[in-house]
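Below is one structure, written out as structure tokens; comments come after it.
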Amino acid sequence: MQTPSEHAYPAHWEADVVLRDGGTAQIRPITPDDAQRLVSFYEQVSDESKYYRFFAPYPRLSDRDVHRFTHHDYVDRVGLAATVGGEFIATVRYDRIDGHGMPASAPADEAEVAFLVQDAHQGRGVASALLEHIAAVARERSIRRFAAEVLPANTKMIKVFTDAGYTQKRSFEDGVVRLEFDLEPTAESLAVQRARERLAEARSVQRLLAPRSLAVIGTGRTPGGIGRTVLRNVLAGGFTGRTYAVNRAFPAEPSVLEPEGVPAHRSVLSIEDPVDLAVVAVPAEHVPDVVADCGEHGVQGLVVLSAGYAESGAEGRERQRELVRQARSYGMRVIGPNALGLINTAPGVRLNASLSPELPAAGRVGLFSQSGAIGIALLGGLHRRAAGLVGISTFVSAGNRADVSGNDFLQYWHDDPDTDVALMYLESIGNPRKFARLARRTAARKPLVVVKGARHGSAAPAGHTVPAPRIPDATVSGLLRQAGVIRVDTVTELADAGLLLASQPLPAGPRVAILGNSESLALLTYDACLTDGLHPLMPRDLTTAAAPEDFRAALAEALADRACDAVVVTAIPWVGDASAADLADALRAAVAGAPAAKPVAVVHLEIPGLAEALAAPPPHRPPAPEPADPAAPDDGPPAPAVRIPAYPAAERAVRPLAEAVRYAQWRRQAAAPGRVPEYDDIDEAGADADIDVLLEAHGATAPRAVTLSAADTQRLLARYGIAVLPALPAADPDSAVRAADRLGFPVALKPTAPHLRHRADLGGVRLDLGGERELRRAYAELTDLLGKPEETRLVVQSMAPRGVDTVVRATIDPAAGAVLSFGLAGAPSLLLGDTAHRLVPATDRDAAELIRSIRTAPLLFGWRGSSPVDTPALEELLLRVSRLVDDHPEVVGADLEPVIVAQHGVHVLGASIRLAPPPARTDLGPRSLPPY
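According to my numbering, the residues represented by the sequence shown are 75 to 1006, in order.
Right, here's the structure in full:
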């Protein structure tokens, strides 16, 4: 057994964090090798900060101080440092104390904590990040409470403690403020931590998207090549900041690169002014030197276009890890490697630091792609189809996304006033739990549309060094739906949805009016609406003789109809001289004059120029003459230009409209979120005690899980008010009869052997056995059919009322967390995959949606004249199972099958529970960037 002084260096405490200003720092334990770093750090701290730390003038550290502050046992005495560029910028330490404030060892559970932050780095949120990490370390070492003594004038440090959200006490004695606070995370402390995380990560993306100066490193001396191409794209886009070209082959003296007229340097270090962003386009073997130069110069972020990293194999993966480690050590974030670049069309920035040949039209759509090819295709497709209709606010192709990921951009887009719709192409989701949390928050404010590649493969694409969640794609889809994400299947559908959501208001409901000059096209649209769950009104046929004015009048009438929530206009070439522009003007006029905002989409066949005319703003008209009466009120500001999306097929228009309807409904419901109900009969403490005993009895160690016996399962479920219908073993016909006499006839006889369980197709269950003779005959039939009693493990069980057989499950994925699942038992869930999923903890609204979101849900609500079953009781069962796995992370699996939902009540006929030591909850720990 190790003594405290021999405790190994805790490498798992090392972490990279994003600070308040968007820069990064590394947090790690202090070691004896840090003596000189500590002395150098202390010399750069002001006398005032030293006074606040030691309550007296303390100009320098003695040798004894240096030894004490660098030698720790990592149990009772711990020190952490925040570093940038390998040098300390802040330190924190705790010392375990007893009730009298004297040094102590376990079981003492209180520690005194103290911070020191270099003046140049105060205000960056360094102390807040260190507090989160030292608190997590203390909890790991069984310390439950911190105490800190602070001078009243040290208001910054007092604020760090009071703003952390922990439960605390405050007192004032002998001129010192004493703060004591519990380290158990609270709802408030978690909210504070996530708010800081959001602001810091959003700021880190903002620094990348809006640099004041940019250097393209690897700019070729001759036209062509990646670096020179990016430089020309930056200049052609009209970047408003300073631009530099860097290449070690340039002349030693600073010069100008022609014909671009850009300052040329051999190294970023020779640039006298600050450089905020570096675009790196050099061979992978030269990137470390470039990163070092950028770090020394104070560059804030890197866009690494270079290939040859994790996508190329084991050596490349190690090179990629070193790239991230090196960049973060200097406080820089990295987009890439193997990236296409990034774009920001904001008028004050106009940045095209990418391989896209032109800056897209400015607009309000944010676009994130993990694939450069898909990113270019999306940009090009939106430009061709949506010129004048929608534009791009920001775009990033993250490549291998070794550092900056989609989660970072969700943090940024949430508060970005220039982005109304977010589109994402993802090939892997490294942290599904965090993604779902951020997506839910973003979707409550603006639509988020996602298409995920590699849906049917378990491995992450080459280059993506993230763990692949083990949950199936259907589960991922369900979790995204729960978070309000609009998930589509193809890149085309992604663009289709983006066009509608960015240009049209959200529909108030599913009722769709259809009008046009083709009865056949209208019927196809009607069928598409029914297929996608909309409620189409009977189509209105204007006939092929309809003129633009007929379209205008019909559309105006539909928009004024309170029984209509959206309109789809269908059009084919017509008879007459009217042009596509005339029809577009007519439709726009109807929308502009509508009494209420409703979404409108157009489906057209072979009408050249119509989509462009609908997307373009109306032609400029001369201003109206001045009114005769100067006192007459004016008409106010001009109305915004009306733009209408057009699609070449009915289903292409209807599908995004259906997604908009479902999203609008989710958003209305999200405004009044559900709640996790409390049940008076839940015995959480008793379940805790049972789980501790069971784990100890089975000797369970992570990651191995143990399956509980039937009796232990029933006892644990009973703690949460879940009863399992009694079943008694029947080793022979006589014991079956005794079991039936004990339970009371009628009974059921069924096998419980694993290979026979839930196999209704084998005819292995006998129901409603009303007496001994029937029971003995059934026993003989089953043993003849299925095998000997010891092979079938027959049991006798009380009969449950007839109803709908269902299955309730809770499973744990290390990345996604606990997932609650529901479906009908048998073929619907096993063969058709008709199962719905929600993240735990589930709210009452989640439970109601869960049972209604499977395709076979009508069987629960009285299909074809059958009696509806007790869905409120089913929802309560789901909520109780959710509470069980949420309250006790040791429950890594719970299966209830079958669960019969009768007209009155639910009846659990079979259940199994698996226990294991609880997995780590990364979402509850201190803020940190993903490890490399």
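Beta carbons: idealized from backbone N, C-alpha and C, even for Gly.
Measure the C-alpha to C-alpha separation of residue i and residue j and round it to an integer number of angstroms.
i       : j       : result
Val798  : Gly197  : 57 Å
Asp757  : Glu770  : 20 Å
Ala702  : Ala654  : Any reading at Ala702 needs caution, since the residue's pLDDT is 47, under 50, leaving its predicted position unreliable; the model's value is listed next. Roughly 37 Å between the two C-alpha positions.
Leu497  : Ile217  : 45 Å
Phe128  : Val373  : 35 Å
Arg1001 : Val224  : 25 Å
Asn418  : Val398  : 24 Å
Pro711  : Leu463  : Model confidence at Pro711 stands at a pLDDT of 44, short of 50, so the residue's coordinates are unreliable; what they give is reported in the following sentence. Distance between the alpha carbons of Pro711 and Leu463 is about 21 Å.
Asp193  : Ile163  : 9 Å
Ile987  : Val966  : 8 Å
Arg695  : Ala571  : For Arg695, the predicted model reports a pLDDT of 45, less than 50, meaning its position is unreliable and no value from the coordinates is stated.
Gly292  : Tyr1006 : 25 Å
Pro991  : Glu950  : 27 Å
Ala310  : His457  : 17 Å
Glu623  : Ala632  : 14 Å
Val893  : Pro963  : 12 Å
Ala130  : Lys124  : 8 Å
Val234  : His609  : 55 Å
Pro800  : Thr866  : 18 Å
For residue i, count neighbouring C-beta atoms within 10 Å of its own C-beta (all shown protein chains included) and say buried if the count is 16 or more, exposed if not.
i      : result
Thr317 : buried
Ser479 : buried
Phe625 : buried
Phe469 : buried
Pro421 : exposed
Gln977 : exposed
Met612 : exposed
Met176 : exposed
Arg391 : buried
Tyr753 : exposed
Tyr83  : exposed
Ser502 : buried
Ala227 : exposed
Gln556 : buried
Gly335 : exposed
Report yes if the CB atom of residue i is closer than 9 Å to the CB atom of residue j, and no otherwise.
i      : j       : result
Val158 : Thr105  : no
Ala274 : Gly405  : no
Asp90  : Leu1003 : yes
Arg302 : Ala323  : no
Leu958 : Ala901  : no
Ile466 : Gly440  : yes
Val365 : Leu376  : yes
Gly818 : Leu830  : no
Of the choices the options, whose alpha-carbon is the least far from that of residue i?
i      : options                        : result
Asp482 : Pro491, Asn505, Val464         : Asn505
Trp87  : Val211, Leu190, Pro177, Leu225 : Val211
Leu580 : Thr599, Ala670, Ala548, Thr566 : Ala670
Ala931 : Leu952, Thr880, Pro963         : Thr880
Ala899 : Ala517, Ser344, Thr909, Arg816 : Thr909
Gln444 : Gly939, Asn307, Gly527, Gly315 : Gly527
Leu731 : Ala916, Gln578, Arg219         : Gln578
Val821 : His360, Gly844, Thr516, Lys124 : Gly844
Leu597 : Ala472, Val728, Val550, Cys638 : Val728
Val187 : Gly173, Ala178, Ala221, Arg215 : Ala221
Arg789 : Gly455, Gly760, Ala779         : Gly760
Asp350 : Ala289, Glu122, Tyr794, Ile232 : Ala289
His360 : Gln394, Thr618, Phe255         : Gln394
Pro584 : Leu512, Val735, Gly473, Ala548 : Val735
Look up residue i in the DSSP assignment and give the residues it is bridged to.
i      : result
Val914 : Note: Val914 sits in no beta bridge, so no partner.
Ser471 : Gly415, Ser443
Asp944 : The partner list for Asp944 (beta bridge, DSSP) is empty, contrary to what the question assumes.
Ala156 : Ile101, Ala164
Tyr132 : None, per the DSSP bridge assignment.
Gln871 : Ala801, Ala822
Leu497 : Leu441, Val523
His678 : Ala645
Leu589 : Arg614, Val643
Phe246 : Val251
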